[in-house]
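**Q**
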C-alpha cells in the first residue's frame, strides 16, 4: 500500500475487555515496530519484528500485551484484560531494513480509551 | 539508558519568524537522530534524519543540526507559517532500530 495503515483508528474498551489492534505495513518492509504514546508524551518502544520474527519485546509493559506477525506482513497487537493505564495511542511503523539508515514510516495510530 | 529531552515544551511565535527547537540526549553513541512532526489525530511524519557521521540535514525551510559531542540537536524553521503549527518530536536511535523519543515541542504559529 501507499503507507502504513492502522485499524481501528479509535477504540473504546470497557475495563477488562480484550482488544486487538491491526497494522498493515508498507509492502515489502521487513521491519515493523509498535510504540505506545501516552497523552502529552513521546512514543515509547513496545516491540520489534523482522519479518515474522519478534526480535525484541522488551518494551511490552506486562504479560497482558502480546504482538504477532505470523506471515511477516500484517501485525496485530493484542491487549488482554485492558486497564485504564492502557489508554494511549498505539503507533505502528515499518522500515525497509534495520541498519540501512533510512527512516521508519508511521501509521496514523489507534487511540485506545479504556473506560 | 538514553534520555532525550526537548525544550521548550511549547512555543508560540508570530508568522514569519525564524525559530529553533532544541533536543538534547544523554548518550552520544547514537546511530542517527530524527525529527518528526505530529499533527492532532494524525500519525508521525518524518522530517529529517541525520546520520551519526553527519552534522546537518536540510529540507526546504527546515534545517536540522547534530552535535554528538555536546549531545544536542536543533531544528531550525525559517520564515514560519501557520501550517507549521504542530508538535515536533526528536528521536535518537542507538541500537539500529529502537527509537528513544523526547516528549515534543508544541509549536503554534500565530497568523
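Residue numbers (my numbering), protein chains in the order written: chain F, 1 to 115; chain X, 1001 to 1111. All C-beta atoms, glycine included, are put in the ideal place defined by N, C-alpha and C.
Just to confirm, are residue 1043 (chain X) and residue 109 (chain F) a CB contact at a threshold of 8 Å?
**A** yes
**Q** Please report whether the beta-carbon of residue 1042 (chain X) lies at a distance below 8 Å from any beta-carbon of chain F.
**A** yes
**Q** Distance, Cα to Cα, residue 1011 (chain X) vs residue 71 (chain F)?
**A** 44 Å
**Q** Going by beta carbon distance, what residues of the same chain come within less than 8 Å of residue 1002 (chain X), once the five residues before and after it are set aside?
**A** 1025, 1026, 1027, 1030, 1092, 1094 and 1100
**Q** Runs of 3 residues minimum, wholly inside the segment 1048 to 1093 of chain X: which ones carry the beta strand (DSSP E) assignment?
**A** 1056 to 1059, 1062 to 1067, 1072 to 1077 and 1086 to 1093
**Q** Check the DSSP bridge columns for residue 32 (chain F) and list the partner residues they point to.
**A** F:49 and F:94
**Q** Just mark residue 1007 (chain X) as buried or exposed, buried being the case when its beta carbon has 16 or more other beta carbons within 10 Å.
**A** exposed
**Q** Closest Cβ-Cβ distance between residue 40 (chain F) and chain X: below 8 Å?
**A** yes
**Q** With H, G and I counted as helix, E and B as strand and the rest as coil, what does DSSP make of residue 85 (chain F)?
**A** helix
**Q** If distances are taken between C-alpha atoms only, which option among X:1108, X:1005 and X:1053 comes closest to residue 43 (chain F)?
**A** X:1005
**Q** Which value, in whole angstroms, describes the spacing of the CA atoms of residue 1018 (chain X) and residue 7 (chain F)?
**A** Looking at the two C-alpha atoms, the distance is approximately 38 Å.
**Q** Is there a C-beta anywhere in chain X that falls below 8 Å from the one on residue 46 (chain F)?
**A** no
**Q** Could you have a look at residue 125 (chain F) and say whether DSSP puts it in helix, strand or coil?
**A** Since the first residue of chain F shown is 1 and the last is 115, residue 125 (chain F) is not available in this structure.
**Q** State the beta-bridge partners of residue 1008 (chain X) as determined by DSSP.
**A** Paired residues: none, contrary to the question.
**Q** Could you pull out every residue in the same chain whose Cβ sits closer than 7 Å to the Cβ of residue 114 (chain F), ignoring the five residues on either side in sequence?
**A** 13, 15, 82, 83, 84, 86 and 87
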